[in-house]
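*Asks:* FYI, the numbering used here numbers position 55 of the sequence shown as 56, with every residue one higher than the one before it.
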Amino acid sequence: MEQCVSHYPATRSGSLPDCYAVLAAFRADDSDRQVVHYVLRCARVLARLHRIRLVRAESDRVDERRTELVDAVDHWIRTHVPAPPRACAPDIRPGVAVDQLAAAYVHAESVLNAEHTRDELHHAWSRVGYLAAQWSDLVTAVVQGQPAPPRTV
């Protein structure tokens with residue numbers, strides 16, 4: 002199984018990928034040279050693990066690996082993204098946010114590729130959109146110290 006190796010630097014010091022880059026990482030394969038940011042590499046692996054969970058009911062090792070990656074993303078951000086002068090704590094851990102977005106994206110893919118109603122398809126992709134917006138808010142909170150406005154579901 003691929004690992005997220007922490008020697009991959011951010012594109013610039015203190016940067017985090019936007020939601021579009023994270024979503025693209027979910028679709029990337031091993032040969033994709035665009036996925037150089039550590040968080041994107043972890044996002045790609047998290048999506049792969051969620052795809053494995055779709056076909057394997059017994060997935061203890063997959064869940065253990067997901068937990069490791071969530072913790073790795075959080076650690077990388079703590080050590081590579083300087084706290085802004087006016088820091089505010091995000092509502093959700095960054096690693097958890099990436100994992101939830103990966104899970105929603107993979108679920109939406111599976112809904113798209115199977116027989117589902119338009120409402121089910123709309124709900125699945127709307128969830129991806131909501132979580133992508135949550136990631137954008139989180140990046141703003143972590144990098145700029147700007148709290149996100151409240152969102153309603």
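Think of the CB as a built atom: it goes at the ideal place given N, C-alpha and C, for glycine as much as any other residue.
(1) What are the uninterrupted segments assigned as alpha helix (DSSP H) that are 4 or more residues long and contained completely in the stretch 95-128, given in chain order?
(2) Counting pairs of Cβ atoms below 8 Å between the stretch 53-61 and the stretch 122-134, do you hit three or more?
(3) Using CA atoms only, rank isn't needed, just tell me which of Ala44, Val37, Cys20, Val40 is closest to Phe27.
(4) What are the boundary residues of the alpha helix (DSSP H) that includes Thr80?
(5) Should Val143 and Asp100 be called a contact, given that it needs their Cβ atoms to be closer than 9 Å?
(6) Just mark Pro83 as buried or exposed, buried being the case when its beta carbon has 16 or more other beta carbons within 10 Å.
(7) Give the DSSP-derived three-state secondary structure of Asp138 in the structure shown.
*Replies:* Once the coordinates are examined:
(1) Counting whole runs of 4 or more residues, the stretch 95-128 contains the alpha helix (DSSP H) stretches 95-113.
(2) The stretch 122-134 and the stretch 53-61 do not touch, with fewer than three beta-carbon pairs separated by less than 8 Å.
(3) Working through the sequence shown from its first residue, we reach residue 27 at position 26. Closest option to Phe27, Cα to Cα, is Ala44.
(4) Residue numbering aside, residue 80 sits at position 79 when the sequence shown is read from its first letter. Unbroken alpha helix (DSSP H) run through Thr80: 61-81.
(5) Stepping through the sequence shown from its first residue, residue 143 is reached at position 142. Stepping through the sequence shown from its first residue, residue 100 is reached at position 99. Result no, Cβ atoms of Val143 and Asp100 do not sit closer than 9 Å.
(6) In the sequence shown, counting from the first residue as 1, residue 83 sits at position 82. Pro83 comes out exposed.
(7) For the purposes of this step, residue 138 is identified with residue 137 of the sequence shown, where counting begins at 1. When secondary structure is reduced to three states using DSSP, Asp138 falls in the helix class.
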